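*Asks:* Quick one: the structure is below, and I'll ask about it shortly.
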Amino acid sequence: MNSLLDLEKLDAQVRHADLVKEIRAHDAAYYQEDAPTVSDATYDKLRKELEAIEAKYPDLITKDSPTQSVGAAPSKGFKKVRHAIPMLSLSNVFTHEDYVEFRDRIIRFLGLQINEETGLDLLAEQKIDGLSCSLHYENRQLTRAATRGDGTEGEDITDNVKTIKDVPQILPNDAPDILEVRGEIYMSHEDFSALNMAQEAAGKPVFANPRNAAAGSVRQLDPKISAQRPLKFFGYALGINSQKVSETQDGVRKKLIEWGFHVPEPHYVGVGVNGPYSFYNRILEERAGLPYDIDGVVYKVNRLDYQERLGFVSRSPRWATAHKFPAEQAVTRLNAIDIQVGRTGALTPVARLEPITVGGVVVSNATLHNEDEIKRKDIRVGDMVVIQRAGDVIPQVVKVLTKKREGDPPAYEFPDHCPACGSRAIREGDDVVRRCTGGLICPAQAVERLKHFVSRLAFDIEGLGSKIIELFWEKEIIQNPADIFRLKDKNENGEINPPLQEWEGWGEKSAANLFDSIDQRRTIALNRFIYALGIRQVGEATAKRLAATYGNLDALKGAMKAAQNHESEAYTELIAIEDIGPAVADDLLGFFAEDHNLQVLADLEAALTIESYEAPQTSGSPVADKTVVFTGTLTSMTRPEAKARAEKLGAKVAGSVSKKTDFVVAGEDAGSKLKKAKDLGVEVLSEAEWNALTNG
Ligand code: IVH
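Residues 0 to 695, numbered by numbering that gives the first Met the number 0, are exactly what the sequence shown covers, in order.
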């Protein structure tokens, strides 16, 4: 029997060697020469045969076997690109009221005197549901294209974008030497259907919607595949450029058209308060007949000098907003209610639904928010429910169709113990959220914290996504953040056994890639580091403010220690930071009061270089890193604009005067703050003096 098997194996070995050679040759033709030598079906058959042999005789697997490279395409990934000007997202409005509030806020910020004739010049345009892309032109040649990524850093998709016919590769002579055009890559309905039909015919997975199809196509490592996907592009804004192109957003649109770009049409420009809103209603009606997906209308301040003055807050410009279309709804059955435990221990109920298509996407889960929501809506397992999804928002259960309820199912009882660790789950004060009290012993919290730690806006470790974190957690390889940075050592000294490179589906290369991407993140900006800690209520914007206020980790730790005493100067300084009130301060101080958290910090500090906070674009600014308090009535600009401008120059704007205040800017009728400044000997500037200092 042995000899028979051996004979079989010998055959297999010969066939294996042949297959390796043949598939490699096809790969080379396909990937390097752009000239496939066999049909997809034949290629797939060869690969399947190879896989079958390797499954039966694992010791025949050789390093050069095509099965050993991750995926089919060369697994280089995309180069990262830093955006010279961050690529922002848009705030949303959903109602007419929201829109008016958006407009009023701008008028207030700029301190404009508006009447019927003067109005505020706004431009409105369709919001294309695709993916944003930045195009760089140098001397009128397309030199680079990048995705938005996290807004600061995107991926270099130049080769793929060069295959999009809508994207001009060369611009006319009047275009600036350096020019960045921003816009949306999308796929039309017609092209989307055709692509999905082809995918289906080839036995490949179909895409859920045109946006996913466009995103998947652009992110193909192989530009050849990208080229076969019918992608389109609409321009909607400029990034950096070496020469002023226009005074207005509408002028920018006109230039884009002259230079050969497509821009969304129709559009609206006008000063009346009702114009943009009527345009929105018109587009809402026309939406169904459009050949591509839109998810709303964007309102933009037309004057570019106003845009500049308005700047942005957090991740969105103040000068633009998206008016989103109302949510799409559908009715389906709620099969079960599951409880998920988040990284802060919050127990979140999730509805498991009979899968249904809502607005082109198959939905099988929806959020139920919290215990009180379930009670208020009287949601019971087995009910027929109305669900809705709006844009990227997680689908929600709107209401129960009680008339359709069969029999009398019991009311839902929310668990009072954590489903992940069994600890008690409690509600504190008037918090609507029930939380697990297990802290770090709760596996759900630990895993979720780790996922947050490596997520895009935090450490952003490539190749270490949620699935791998879960796997490493299960195998007890990564149990706290510092373990991530010990991974390579553990792998080398035998603590991970068998070592990663011998795990199924891994190999030397993927293990080395992972260690590399971890090493790349050993140096991290302070704000990202703070955000990564996953402290409750400390989101990205708050993390940035903390980083800007304290500058480095030691100062932050020192301040948090001192601020444990609510009577201290440190506490006063903490709650003077914008967006940090007593509640956020409690969560922050709670985090820094726990020994095990301080231990995690110490372990991380030993493994990392945490960069001090660098205020953006403030070199040479006379007020960089200075703490400023505005008081009294300002006459040359509004308070919000003064604050935004000071922050742009790297100053920190505080709400109250303390010994740490560098300047108090006193407008007309300044009162107690001015007095306090004088008492403490803080330098006081008039508004004119401040303007002279900052305009210099
Ligand atoms: S203007 C944020 N105009 O929507 C900077 N954006 O949800 C100003 N988008 O990241 C953007 N159509 O990718 C603008 N006509 C349009 C747009 C548009 C789609 C995208 C854009 C942005 C996203 C925010």
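Positions of the beta carbon are idealized from the N, C-alpha and C atoms, including for glycine. These numbers were taken from a predicted model, which means no experiment stands behind them.
Using alpha carbons as the reference points, say which of Lys8, Leu525 and Lys299 lies closest to Leu555.
*Replies:* Taking only the C-alpha atoms, the option nearest Leu555 is Leu525.
*Asks:* Considering only heavy atoms of the ligand IVH, does any lie closer than 8 Å to the CB of Met186?
*Replies:* Outside the cutoff, so no.
*Asks:* Please state whether DSSP places Phe484 in a helix, a strand or coil.
*Replies:* Here Phe484 sits in coil by DSSP.
*Asks:* Could you say if the stretch 96-115 and the stretch 144-164 meet the contact criterion of at least three C-beta pairs nearer than 8 Å?
*Replies:* No, they do not touch.
*Asks:* Would you mind sorting Ser454 into buried or exposed? The rule is 16 or more other CB atoms within 10 Å of its CB.
*Replies:* Buried, by the Cβ-count rule.
*Asks:* With C-beta atoms as the reference, is Tyr291 less than 9 Å away from His368?
*Replies:* No, they are not a contact pair.
*Asks:* Could I get the ranges of all uninterrupted alpha helix (DSSP H) runs contained in the stretch 607-682, with 4 residues as the minimum, in chain order?
*Replies:* Entirely contained in the stretch 607-682, the alpha helix (DSSP H) runs reaching 4 residues are, in chain order, 638-647 and 671-679.
*Asks:* How big is the Cα-Cα spacing for Glu646 and Ala601?
*Replies:* Cα to Cα, Glu646 sits roughly 31 Å from Ala601.
*Asks:* Could you pull the start and end residues of the beta strand (DSSP E) that Ala174 belongs to?
*Replies:* Taken as a continuous stretch (DSSP letters only), Ala174 belongs to no beta strand (DSSP E), as it is neither H nor E.
*Asks:* From Val13 to Thr146, what distance separates their C-alpha atoms?
*Replies:* Rounded to the nearest angstrom, the two C-alpha atoms are 45 Å apart.
*Asks:* To which residues of the same chain is Lys674 closer than 7 Å at the C-beta, ignoring the five residues directly before and after it?
*Replies:* Within the same chain, Lys674 has no close Cβ partners at all.
*Asks:* Tell me whether Ala145, by its Cβ, gets closer than 8 Å to a heavy atom of the ligand IVH.
*Replies:* The answer is no for Ala145.
*Asks:* Would the beta-carbon of Ala665 fall within 9 Å of that of Leu684?
*Replies:* Contact flag set, yes.
*Asks:* Using the three-state DSSP reduction, which class does Met86 fall into: helix, strand or coil?
*Replies:* Here Met86 sits in coil by DSSP.
*Asks:* Shortest alpha-carbon distance to Lys299 belongs to which of Lys672, Lys642, Val268 and Arg81?
*Replies:* Closest option to Lys299, Cα to Cα, is Val268.
*Asks:* I need the boundaries of the beta strand (DSSP E) containing Ile338, first residue and last residue.
*Replies:* Start and end: Glu327 to Val340.
*Asks:* Along the beta strand (DSSP E) that carries Arg143, what are the first and last residues, could you check?
*Replies:* Gln140 to Thr146 is the span of the beta strand (DSSP E), which, as asked, contains Arg143.
*Asks:* Please indicate yes or no: does the CB of Phe93 lie closer than 8 Å to some heavy atom of the ligand IVH?
*Replies:* Because no heavy atom of the ligand IVH lies under 8 Å away, the Cβ of Phe93 does not count as near it: no.
*Asks:* Identify the continuous alpha helix (DSSP H) that holds Glu568 and give its terminal residues.
*Replies:* Looking at the DSSP string, the run of the alpha helix (DSSP H) that includes Glu568 is Glu568 to Ala575.
*Asks:* What does a CB cutoff of less than 6 Å around Asp698 pick up in its chain, not counting 5 residues either side in sequence?
*Replies:* In the structure displayed, the chain extends from 0 to 695; residue 698 sits before or after that span and is not available.
*Asks:* Can we count Glu566 as close to the ligand IVH, meaning its CB is less than 8 Å from some heavy atom?
*Replies:* Result no, Cβ not under 8 Å from the ligand IVH.
*Asks:* Buried or exposed: where does Lys651 fall if 16 or more other Cβ atoms within 10 Å of its Cβ makes it buried?
*Replies:* Lys651 comes out buried.
*Asks:* To which residues of the same chain is Leu9 closer than 6 Å at the C-beta, ignoring the five residues directly before and after it?
*Replies:* Nothing listed; no residue qualifies.
*Asks:* Taking the alpha carbon of Cys132 as the reference point, which residue from Ile169, Ala201, Lys231 and Leu119 has its own alpha carbon closest?
*Replies:* Ranking the options by Cα distance to Cys132, first place goes to Lys231.
*Asks:* Name the residue from Val397, Lys508, Ser363 and Ile393 whose alpha carbon lies nearest to the alpha carbon of Ile373.
*Replies:* Out of Val397, Lys508, Ser363 and Ile393, Val397 has the C-alpha closest to the C-alpha of Ile373.
*Asks:* Decide if Val361 is buried, meaning its Cβ has at least 16 other Cβ atoms within 10 Å, or exposed.
*Replies:* Result: exposed.
*Asks:* Applying the criterion that 16 or more other CB atoms from any shown protein chain within 10 Å of the CB defines a buried residue, is Met559 buried or exposed?
*Replies:* Met559 comes out buried.
*Asks:* Do Arg433 and Ala321 come within 9 Å of each other at the CB atom, strictly closer than that value?
*Replies:* No, Cβ-Cβ distance for Ala321 and Arg433 is not below 9 Å.
*Asks:* At which residues does the beta strand (DSSP E) containing His749 begin and terminate?
*Replies:* No answer is possible for residue 749: it lies beyond the span of the chain, which begins at 0 and ends at 695.
*Asks:* Is Glu640 buried or exposed, if buried means 16 or more other CB atoms sit within 10 Å of its CB?
*Replies:* Buried, since its Cβ has 16 or more Cβ neighbours within 10 Å.
*Asks:* Between the Cα of Asp721 and the Cα atoms of Pro442, Lys402 and Glu370, which residue gives the shortest distance?
*Replies:* Residue 721 lies beyond the stretch modelled for the chain, which goes from 0 to 695, so this question has no answer here.
*Asks:* I'd like to know if the stretch 485-495 and the stretch 42-59 are in contact, where contact means that at least 3 CB-CB pairs between them fall below 8 Å.
*Replies:* In short, these stretches do not touch, since the Cβ pair count stays below three.
*Asks:* Suppose only complete runs of 4+ residues qualify. What are the alpha helix (DSSP H) ranges in the stretch 193-256, listed by chain order?
*Replies:* Those alpha helix (DSSP H) runs which fall completely within the stretch 193-256 and span 4+ residues are 209-217 and 222-227.
*Asks:* Give a yes or no on whether the C-beta atoms belonging to Thr630 and Val663 are separated by under 9 Å.
*Replies:* Taking 9 Å as the Cβ cut-off, Thr630 and Val663 qualify as a contacting pair.
*Asks:* Mark Lys403 as exposed unless 16 or more other C-beta atoms lie within 10 angstroms of its C-beta, in which case mark it buried.
*Replies:* Exposed is the call here.
*Asks:* Among Ser516, Leu545, Arg520 and Arg521, whose alpha-carbon lies nearest the alpha-carbon of Tyr530?
*Replies:* The shortest Cα separation from Tyr530 among Ser516, Leu545, Arg520 and Arg521 belongs to Leu545.
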